[in-house]
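Residue 425 is where the sequence shown starts when you use the working numbering, and the numbers rise one by one after that. Where a beta carbon is used, it is the ideal one built from N, C-alpha and C, also for glycine. It should be emphasised that the depicted structure is a prediction, and the values quoted were computed from it without experimental measurement. Just below is one structure, and these are the notes that go with it.
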Amino acid sequence: MSIRRHSIISSIVVYIGFALGFVNTYLFAKGFTEAQYGLQGTFIAIATVMLSVSNLGMMTYIYKFYPYYNDNLPPEKNDMMTLALLVSLTGFLLVVIGGIVFKDLVIQKYSRNSPEVVQYYYWLFPFGFGLSMFSLFEALAWQFRKSVFTNFLREVLFRILTTLLIFGFMTGIIRDFDLFIKLYAFTYLLIALILIGYLIVTKRLHFCFRISRVTRKFYKKILTLASFVWGGSLIFNIAQVFDTLVIGSVVENGMAFVGIYTLAQNVASLIQAPQRAVASAAVGPLSQAWKDKDYGAINRIYQRSSINQLIFAVAMFSLIWINFTDGVLTFNLKKGYLDSQQVFLFIGIMRVIDLGTGLNAQIIATSTFWRFEFISGMILLLMILPLNYILTVRMGVVGPAIANLISITIYNAIRYTFLWKRFNMQPFTIKTLYTLLLGLLCFMVSWYLFRSYTGFGWIVLRSVVFMGMYITGILWLDLSPDVVPVWQTVRKRLRI
């Protein structure tokens with residue numbers, strides 16, 4: 425019940441953030457060049473790599489071991505966050521040193537096709553540091569069931585700050601793009617400081633500089649966890665952003681094509697919103713369930729996350745696909761962004777598959793199967809890196825999207841098989857098939873009825889018809905055990 429409530433509230437917060445993100449995407453597409461928009465996307469991609477390197481497995485350490493520290497130590501003697509912070513700061517120091525040492529290599533790879541990356545190279549580091557610190561303390565806040573607040577900071581406040589910077593640039597308050605990108609570099613650092621301040625004020629953040637008995641007891645397991653999970657998450661996150669980095673490096677006029685690719689990614693991220701909300705609400709209960717060996721609870725979370733996420737993903741993918749071209753033309757975006765539609769098709773299908781397989785990543789990450797996490801990540805890396813490079817060279821901007829679809833599908837299949845064979849857990853039921861067929865039917869009807877019409881009114885009508893049919897079908901087929909209770913609550917609140 426707690427997961428359902430937090431997931432719903434977090435989903436609402438995330439979608440508010442994504443609505444702001446859509447506004448920002450529109451403003452970027454209208455008021456900035458494709459290359460400038462692409463640089464913003466590159467900032468996020470490189471910061472993700474910095475986070476992956478510098479965290480050294482500390483976020484998963486918090487996910488996995490917080491219940492042990494919390495059950496056996498008073499808050500003032502809990503040294504978990506002290507250790508996690510010191511290790512992460514050391515990790516980021518290594519990132520900075522590596523960035524200085526390998527700067528010439530970056531210049532060699534990007535100076536020809538994407539000189540903007542070279543120009544703002546050092547401004548990437550405060551942006552990456554802010555993301556790293558926020559993510560670390562977000563992991564702690566999730567243990568206190570504060571996922572709604574952290575999602576507000578990450579999804580809403582971060583985008584509000586970006587919106588303010590965009591308006592400042594477009595109105596001349598921020599005099600040029602140079603100042604804009606330098607201010608943008610500190611946005612994550614600001615929300616990280618807000619989160620740290622919140623944890624201190626609410627007395628949930630304590631620093632203890634004496635090694636606790638829990639750390640002494642589990643230090644070997646902690647080291648094993650940190651090393652394997654850090655390696656696995658580093659590989660996974662590099663694989664997730666490698667597409668953007670490759671486009672900027674090997675495609676002529678790279679930043680402009682990164683801008684086109686970033687638009688498709690940002691639109692496809694609408695599909696991913698429920699995953700972020702459900703994952704943040706479920707990590708704490710999953711950690712406790714593994715500790716208590718409550719496999720039934722884990723399997724319930726697995727199945728419910730799968731069907732709930734799939735219902736959202738199918739709806740969002742269908743709505744975006746039937747309105748994509750109409751949206752670009754109706755909102756007078758640059759015609760070059762029409763090329764994003766084909767990219768979105770493959771990224772969108774990838775997101776549907778990823779969400780439909782449930783919280784397999786969080787289930788494995790909070791378990792003791794760290795070696796499998798690392799091995800499956802290595803398999804993903806060995807697939808996605810060469811595929812991205814080869815298909816980008818041969819097919820251009822759509823190549824990485826196809827490479828990611830192939831790689832992430834195989835990756836999820838491996839993790840699905842592992843949980844099925846090891847624990848007899850699998851997320852699919854006959855209702856999974858019903859959801860896919862329902863989505864396809866509603867899509868075909870909405871597309872066939874309105875395919876010849878364009879304009880904002882037709883976008884709204886097309887979407888209303890799809891959602892009316894889709895929601896009716898979900899309720900009639902009773903596709904999720906969480907949908908009917910939520911619908912009853914909505915009816916009660918609205919007095920329907």
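Straight-line gap, residue i to residue j (C-alpha atoms, nearest Å)
| i | j | result |
| --- | --- | --- |
| L517 | S478 | 8 angstroms |
| L939 | S764 | Within the shown structure, residues of the chain are numbered from 425 to 920, placing residue 939 beyond reach of any answer. |
| Y726 | R846 | 14 angstroms |
| S556 | I814 | 31 angstroms |
| G462 | T878 | 28 angstroms |
| Q460 | A688 | 16 angstroms |
| L899 | P905 | 10 angstroms |
| L864 | P824 | 26 angstroms |
| Y493 | K606 | 40 angstroms |
| S711 | F593 | 44 angstroms |
| Y643 | T833 | 35 angstroms |
| G897 | G621 | 45 angstroms |
| F842 | A713 | 19 angstroms |
| L513 | E540 | 28 angstroms |
| V869 | F890 | 8 angstroms |
| E576 | S693 | According to the sequence as given, residue 576 is Phe; it is not Glu. F576 and S693: Cα-Cα distance of roughly 16 angstroms. |
| I646 | K570 | 24 angstroms |
| I521 | F604 | 26 angstroms |
| M807 | D602 | 37 angstroms |
| L529 | V572 | 41 angstroms |
| K501 | A508 | 15 angstroms |
| W454 | T749 | Note that residue 454 is Lys in the sequence shown, not Trp. About 16 angstroms. |
| S729 | V702 | 7 angstroms |
| V670 | I624 | 41 angstroms |
Test item: CB-CB of residue i and residue j under 8 angstroms
| i | j | result |
| --- | --- | --- |
| I803 | Y835 | yes |
| Y608 | L589 | yes |
| F441 | R583 | Here the sequence assigns Gly to residue 441, which means Phe is not the residue at that position. In this structure, R583 lies closer than 8 angstroms to G441 by Cβ. |
| T587 | V447 | yes |
| Y685 | V817 | no |
| L829 | I744 | no |
| L811 | S831 | yes |
| P851 | T781 | yes |
| P491 | H630 | no |
| N747 | I883 | yes |
| S476 | I662 | yes |
| S616 | L548 | A small correction: the amino acid at residue 616 is Ala; Ser does not occupy that position in the sequence shown. No, Cβ-Cβ distance for A616 and L548 is not below 8 angstroms. |
| L862 | F874 | no |
| I531 | V542 | yes |
8 angstroms CB neighbourhood of residue i in its chain, flanking five on each side removed
| i | result |
| --- | --- |
| T574 | E562, A565, W566, L619 and S704 |
| V776 | I695, L734, A737, V738 and F741 |
| I771 | A688, Q689, A692, A825, N828 and L829 |
| R724 | none |
Three-state class that DSSP yields for residue i in the structure shown
| i | result |
| --- | --- |
| A616 | helix |
| F793 | coil |
| I635 | coil |
| M425 | Residue placement at M425 is flagged as unreliable, the pLDDT there being 44, under the threshold of 50; a coordinate-derived value is accordingly withheld. |
| I584 | helix |
| L694 | helix |
| K533 | helix |
| L603 | helix |
| S538 | coil |
| I735 | helix |
| L757 | coil |
| G596 | coil |
| L629 | coil |
| A609 | coil |
| R569 | coil |
| D718 | coil |
| F456 | coil |
| F446 | helix |
Cutoff 7 angstroms; reference residue i; Cβ partners in own chain excluding five residues on either side
| i | result |
| --- | --- |
| E797 | F652, V653, G656, I788 and A789 |
| L649 | G481, T484, Y485, K488 and W794 |
| L903 | I731, I735, K855, Y858 and T859 |
| T506 | F631, C632 and F633 |
| L497 | S636 and V638 |
Sequence-distant residues of the same chain with beta carbon closer than 6 angstroms to residue i, five excluded per side
| i | result |
| --- | --- |
| R700 | V438 |
| F880 | T754 |
| F467 | F551 |
| C866 | F890, M893 and Y894 |
| R921 | Nothing can be reported for residue 921: it is not among the residues displayed for the chain, which extend from 425 to 920. |
| M425 | Low confidence applies to M425: its pLDDT is 44, below 50, so where it sits in the model is not reliable, and the reading given next is rough at best. Answer for M425: no residue qualifies. |
Test: residue i CB closer than 8 angstroms to a CB of chain C
| i | result |
| --- | --- |
| Y872 | Annotation note: the requested chain C is absent from the structure, which comprises a single protein chain. |
Distance cut-off 7 angstroms: residue i Cβ against heavy atoms of the ligand FMN
| i | result |
| --- | --- |
| G592 | This structure simply doesn't include the ligand FMN, nor any ligand for that matter. |
Let me know the alpha helix (DSSP H) ranges lying completely inside the segment 466–512, each 4 residues or longer, listed in chain order.
For the segment 466–512, whole alpha helix (DSSP H) runs of length 4 or above, ordered along the chain, are 482–496.
Runs of alpha helix (DSSP H) lying entirely within the segment 768–823, each at least 4 residues, in chain order:
Entirely contained in the segment 768–823, the alpha helix (DSSP H) runs reaching 4 residues are, in chain order, 784–789 and 794–819.
Extract the residue ranges of the alpha helix (DSSP H) inside the segment 823–907, only unbroken runs of 4 or more that lie entirely within it.
Qualifying alpha helix (DSSP H) stretches, in chain order: 823–847, 854–874 and 880–901.
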